[in-house]
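Chemist: Encoded as structure tokens, here's the structure I'll be asking about.
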Amino acid sequence: MAERIVVTAMGAVTPMGLGVETLWRGLLAGTCAVGPITRFDPSDLAVRIAAQVPDVDLGLPGKLLRDTDAFTQYALAAAAEALRGGLPAAPDRMGIVMGTAMAGIATTAATQESLTTAVHKNVGPRFVPRILGNIAAAQIAMVHNLHGPSITLSTACASGGDAVAGAAMLLLAGEADAVLAVGAESILCPLVLYSLANARALSRRNDDPAHACRPFDAAASGFVIGEGGAALVLETASHAEARGAVILAELAGWANNTDGYHVTAPRPDGSRAAACMARALQRAGMDPGDVGYINAHGTGTPDGDRAEAAALRTVFADSCPPVSSTKGLTGHMMGAGGIAEAIACIRALNTGLLPGNYNLSTPGVDLPLLRETETRTISAAMTNAFGFGGQNSSLVLRRWS
């Protein structure tokens, strides 16, 4: 019998603030973290709103703050919370799988702008190590003295979910005894905003930020950029039990596939996303009816929401469980979102509280959408993360028993 994979610790820094409990309280209360952009002057942009990580103390020394991009800082803060109880394995048996969509894009854009406008052309020696995708995992390893496998992957907005799946595969392959799966993102800069706004991907409700992101709503007009970091510690069940760890949930199933359809648009019938969900359930040895809650990708882009709804109907038919997207509150955290939303599923499993699909006025899809927090005992939950290029990722989490 294959080893079971379990989650034993979590960490997060999100637009709600620092910590898993801060995120969870915000989701249950319906606290919307979307507001005007304050990181730079957005007055010339068509989109002037985002879900920013607030100005909180991330617990990082000044040198790290000076030498790293925000996405690395968020990864470090999330990892620190997840590892607060100590390393779950020997340093050379402790792995890291990092997921990020665009790594240090904000630093790249700001550096190029400074270089273009400066009289004296100069780029600091820390530019390259600030922007590299793998540098967040490297910094985590240096801070916590980790020496096991370190892998960084970039599968657009599916990166966080795929990092969790990658961690599970490392464990099953015997390459590590415990793996830290991390997702982090910070893409707030005019360069990215111009591009996504011109692609008509972003909501332009600048005058009403709190209601700008409307997943699955008939009035949905695009997503809102979010940022942050999230982390899970995964272990084999036998390793976790041998060391007396508190097991938060089981990662029962996972899957990844690709639409093979379009660079930015999802396959309209959702067929490959449905196949991804079905494969995750198959790996878990579960039927669709076993799932009690779905934290959907649900970005608030009409095409994406309709495709995901079609996929969910294909897999779950008329027995689809309650569905919500928490992006109406946190914005779309890109590479961090898949793990932050897995954390929401784990908390739902352990508390019996299912976060609502806030900003839902008139449903635009045929799904059993939660309008607000609901109390319901569930034994399993699914979370989806889909990305540009047709990247699909699905995770199935089960209450530990």
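Numbering (the numbering used here), first residue to last: -15 to 385.
The beta-carbon is built from N, C-alpha and C at its ideal position, and this holds for glycine as well.
All values reported here derive from a predicted model rather than from experimental measurement.
1. For the region 104 to 115 against the region 46 to 63, do three or more pairs of beta-carbon atoms, one drawn from each stretch, fall closer than 8 Å, so that the two count as touching?
2. Nearest CA to the CA of Ala390: which residue from Met78, Ala301, Ala93, Thr22?
3. From Met261 to Gly167, what does the alpha carbon distance come to, in whole angstroms?
4. From Ile119 to Ser98, what distance separates their C-alpha atoms?
5. Give the secondary structure of Gln96 by DSSP, where H, G and I count as helix, E and B as strand, and everything else as coil.
6. Can the beta-carbon of Ala140 be found less than 8 Å from the beta-carbon of Phe372?
7. What would DSSP say about Ser308, mapped onto helix, strand or coil?
8. I need the boundaries of the beta strand (DSSP E) containing Arg382, first residue and last residue.
9. Closer than 7 Å by C-beta to Ala64: which residues in its own chain qualify, once you throw out the five before and the five after it? Chain order, please.
10. Relative to the C-alpha of Pro38, which residue among Pro26, Val18, Leu48 is closest?
11. Can you list, in chain order, the residues of its chain whose CB lies under 6 Å from that of Arg251, leaving out five sequence neighbours each side?
12. With contact counted as at least three CB pairs below 8 Å, one residue from each stretch, are the region 143 to 161 and the region -5 to 5 in contact?
13. Does the region 165 to 183 come into contact with the region 201 to 215, if we say contact requires no fewer than three beta-carbon pairs (one atom in each stretch) closer than 8 Å?
14. Answer yes or no: do Val380 and Ala160 have a C-beta to C-beta separation smaller than 8 Å?
15. Looking only at DSSP bridge pairs, what is Ile115 linked to?
16. What ranges does the alpha helix (DSSP H) occupy inside the region 271 to 315, keeping only unbroken runs of at least 4 residues that lie completely in it?
17. Determine the closest residue to His223 out of Arg188, Pro272, Leu156, Ala280, with distance taken between C-alpha atoms.
Modeler: Reading it off the structure:
1. yes
2. Look at the range of the chain in this structure, -15 to 385, and you will see that residue 390 is not part of it.
3. 21 Å
4. Straight-line Cα distance between these residues: approximately 23 Å.
5. helix
6. yes
7. In the structure shown, the three-state DSSP call for Ser308 is strand.
8. Looking at the DSSP string, the run of the beta strand (DSSP E) that includes Arg382 is 375 to 382.
9. Annotation for Ala64: Gly(-5), Gly43 place their beta carbon closer than 7 Å to its own, counting only its chain and skipping 5 residues before and after.
10. Comparing Cα-Cα distances from Pro38 to each of Pro26, Val18, Leu48, the minimum goes to Val18.
11. Asp243, Tyr245
12. no
13. yes
14. Taking 8 Å as the cut-off, the Cβ atoms of Val380 and Ala160 do not count as close.
15. Answer is none; Ile115 lacks a bridge partner.
16. 286 to 300, 311 to 314
17. Leu156
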